[in-house]
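Peer 1:
Number of protein chains: 2
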Amino acid sequence: MLQKTACFLVIGNEILSGRTQDANTRVLAQALNAQGIRLMEVRVIPDIEDRIVRTVRECSAAFDLVFTSGGIGPTHDDITAECVATAMGAPLVRHEESFRLLEAALGADRFNAARQRMAYLPEGSTPILNTVSVAPGFSIGNVHVMAGVPSIFASMVAWLVPQLEKGAPLVSASWHAAGLKEGDFAADLATLQKTFPTVDLGSYPYHLPDGASGVALVAKGYDGDLVGKAALALHDLIMAHGREPLAGEAAHKQPA
Amino acid sequence: MLQKTACFLVIGNEILSGRTQDANTRVLAQALNAQGIRLMEVRVIPDIEDRIVRTVRECSAAFDLVFTSGGIGPTHDDITAECVATAMGAPLVRHEESFRLLEAALGADRFNAARQRMAYLPEGSTPILNTVSVAPGFSIGNVHVMAGVPSIFASMVAWLVPQLEKGAPLVSASWHAAGLKEGDFAADLATLQKTFPTVDLGSYPYHLPDGASGVALVAKGYDGDLVGKAALALHDLIMAHGREPLAGEAAHKQPA
Numbered sequence: 001m002l003q004k005t006a007c008f009l010v011i012g013n014e015i016l017s018g019r020t021q022d023a024n025t026r027v028l029a030q031a032l033n034a035q036g037i038r039l040m041e042v043r044v045i046p047d048i049e050d051r052i053v054r055t056v057r058e059c060s061a062a063f064d065l066v067f068t069s070g071g072i073g074p075t076h077d078d079i080t081a082e083c084v085a086t087a088m089g090a091p092l093v094r095h096e097e098s099f100r101l102l103e104a105a106l107g108a109d110r111f112n113a114a115r116q117r118m119a120y121l122p123e124g125s126t127p128i129l130n131t132v133s134v135a136p137g138f139s140i141g142n143v144h145v146m147a148g149v150p151s152i153f154a155s156m157v158a159w160l161v162p163q164l165e166k167g168a169p170l171v172s173a174s175w176h177a178a179g180l181k182e183g184d185f186a187a188d189l190a191t192l193q194k195t196f197p198t199v200d201l202g203s204y205p206y207h208l209p210d211g212a213s214g215v216a217l218v219a220k221g222y223d224g225d226l227v228g229k230a231a232l233a234l235h236d237l238i239m240a241h242g243r244e245p246l247a248g249e250a251a252h253k254q255p256a
Numbered sequence: 001m002l003q004k005t006a007c008f009l010v011i012g013n014e015i016l017s018g019r020t021q022d023a024n025t026r027v028l029a030q031a032l033n034a035q036g037i038r039l040m041e042v043r044v045i046p047d048i049e050d051r052i053v054r055t056v057r058e059c060s061a062a063f064d065l066v067f068t069s070g071g072i073g074p075t076h077d078d079i080t081a082e083c084v085a086t087a088m089g090a091p092l093v094r095h096e097e098s099f100r101l102l103e104a105a106l107g108a109d110r111f112n113a114a115r116q117r118m119a120y121l122p123e124g125s126t127p128i129l130n131t132v133s134v135a136p137g138f139s140i141g142n143v144h145v146m147a148g149v150p151s152i153f154a155s156m157v158a159w160l161v162p163q164l165e166k167g168a169p170l171v172s173a174s175w176h177a178a179g180l181k182e183g184d185f186a187a188d189l190a191t192l193q194k195t196f197p198t199v200d201l202g203s204y205p206y207h208l209p210d211g212a213s214g215v216a217l218v219a220k221g222y223d224g225d226l227v228g229k230a231a232l233a234l235h236d237l238i239m240a241h242g243r244e245p246l247a248g249e250a251a252h253k254q255p256a
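Order-wise, the sequence lines are chains A and B.
Under the UniProt record's numbering, think of the first position of the first sequence as 1, with each following residue one higher.
Under the UniProt record's numbering, think of the first position of the second sequence as 1, with each following residue one higher.
1) Considering only residues of the stretch 86-150 of chain A, which uninterrupted alpha helix (DSSP H) runs meet the minimum length of 4 residues and lie entirely inside it, listed in chain order?
2) Should A:Gln21 be flagged as near chain D, meaning a C-beta pair shorter than 8 Å?
3) Using a C-beta cutoff of 8 Å, does B:Ala186 count as contacting chain A?
4) Is B:His76 close to chain A? Criterion is C-beta to C-beta, closer than 8 Å.
5) A:Thr25 touches chain B at which residues, Cβ-Cβ below 9 Å?
6) With distances taken from CA atoms, which of B:Leu121, B:Lys229, B:Tyr206 and B:Leu129 is nearest B:Ser151?
7) Using a Cβ-Cβ distance under 8 Å, would B:Met156 count as near chain A?
8) Pairing CB atoms from the stretch 182-201 of chain A with CB atoms from the stretch 216-231 of chain A, are three or more of them under 8 Å?
9) Classify A:Asp236 as buried or exposed, calling it buried when 16 or more other Cβ atoms lie within 10 Å of its own Cβ.
10) If contacts are defined as beta-carbon pairs under 8 Å, then B:Ile72 and B:Gly137 qualify, I think. What distance do you get, rounded to the angstrom?
11) With a floor of 3 residues, list each beta strand (DSSP E) that falls wholly inside the stretch 160-213 of chain A, ordered by position along the chain.
12) Please report the straight-line C-alpha distance between B:Thr195 and B:Leu170, rounded to a whole angstrom.
13) Quick check: the Cα distance between B:Val56 and B:Ser174, rounded to an integer number of angstroms?
14) Contact criterion: CB-CB distance below 8 Å. Does A:Val149 meet it with respect to chain B?
15) Counting only Cβ pairs nearer than 7 Å, list the residues of chain B close to A:Arg243.
16) Hey, quick one: how far does the beta strand (DSSP E) through A:Thr5 stretch, first residue to last?
17) Do you know whose CA, among A:Met146, A:Ser172 and A:Arg94, lies nearest A:Lys229's CA?
18) Counting along the chain, where does the beta strand (DSSP E) carrying A:Ser60 start and finish?
19) Using the rule of at least 16 other Cβ atoms within 10 Å of the residue's Cβ for burial, across every protein chain shown, is B:Pro205 buried or exposed?
20) Near B:Glu41, what residues of its chain come up, given a Cβ to Cβ distance below 8 Å and the 5 sequence neighbours on each side ignored?
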């Protein structure tokens, strides 16, 4: 099974302005991990037509899968559907089933021209179910377009991602060591990385609210057997530095 | 005064894996806003040499300023300094002042080969002060390289950004309207955007924990006078839809 790569495009000005903090990347990354798809890049770009079209084209060619969030609501700055249509060379057309669903949910009087725009998808798209507020996302080619509002985004990811073709699943194992600092064992970890070239070894310092600190050591890869062996070696590395290796994630739930 | 553009490169696997949520973008974006520098793109990329070198080159050419976070610690996967050196065509050399500072702070016995790597900067760099853990960031050309740990990143931003040449400051004004939905006024907002082409008008739905919801309407731009006029028009737009325009940010502190 081949490893699949993905890119996530966060479209909109609110994260670039510092107004809101992105919460969608983590939701998508975790869902993709479970499906064996590796998130290789995230790009946050503004609501500028030319920038969206160019980035969608570039990323659609460079990665197996592209996911987007934002810009599919009813307002004038919601231009993602038009831009993806242009990028993929498909005209924007009324999607009859989505039109009927929206009309039924909103009632004919509230279903004004602005809201009707949300039923226009690039020709040949498959809608992505929105269980929160009806207006759909859509998939066209290898591009999957979703809403930016976190509750809606999460519902779309939960519906879409399990339907995607699986890649080889990423396996990870970790140990943490209270009181240890990265610089103490960096040379040993570098040596270990050479011993396990196909396993990704990482160290993550943490600082807890109570003042305690330490390092989490993580092994990740697509060969579960090798990841297990590398994790055992991380365990021994911590012991060799006179610390107690602790299992699980509890001690680094609040990384500083 | 010309508007300056910036790109932020978040380097490292922990955000792409869903392990941690990015908190640095917001800190940088707000500091840049205050300095009149506009954050135009964020890219999150993995610890892969070729990807880092290529992205730094591309973004250094495309934006006035580039900021990076992550990958300047002592471990084997901390390769940002080497990659930026390659991208900028400058060899990595020992920075004597940083070397002495680190040695004094850590003590000669703890200042091992792995930690000494943190004193190697691309030739011609200016160090960026680290008031948390001594190991510096650095500026070379238009690229500013900082740590990924949020407390250190924030201290570096606080030291660096006020020293950068100012651009035209971004001015913003907002009103919020409880109970209003984006689709209700989308057509009017689009018309208003045409009236104020140089002001960026946006609407941001919010959902509070107590179940209340509404929309914040925001005007942003580099001409304070025009932003003020646009904000007045937003106020009137809310009134025209039978709602009470409320000032300030209180009602959308917790956007869903």
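From the three backbone atoms N, C-alpha and C, an ideal C-beta is built for every residue, glycine too.
Peer 2: So, from the data block:
1) 96-106 and 113-116
2) This model lacks chain D altogether; the protein chains it does include are A and B.
3) yes
4) yes
5) Ile15, Leu16, Gly18, Gln21, Asp22 and Val44
6) B:Leu129
7) no
8) yes
9) exposed
10) 7 Å
11) 171-178 and 200-207
12) 19 Å
13) 35 Å
14) yes
15) Within chain B, no residue comes near A:Arg243; the closest Cβ sits about 15 Å away, beyond 7 Å.
16) Lys4 to Ile11
17) A:Ser172
18) Per DSSP, A:Ser60 belongs to no beta strand (DSSP E); it is in the alpha helix (DSSP H), Glu49 to Ala62.
19) buried
20) Cys7, Phe8, Cys59 and Phe63
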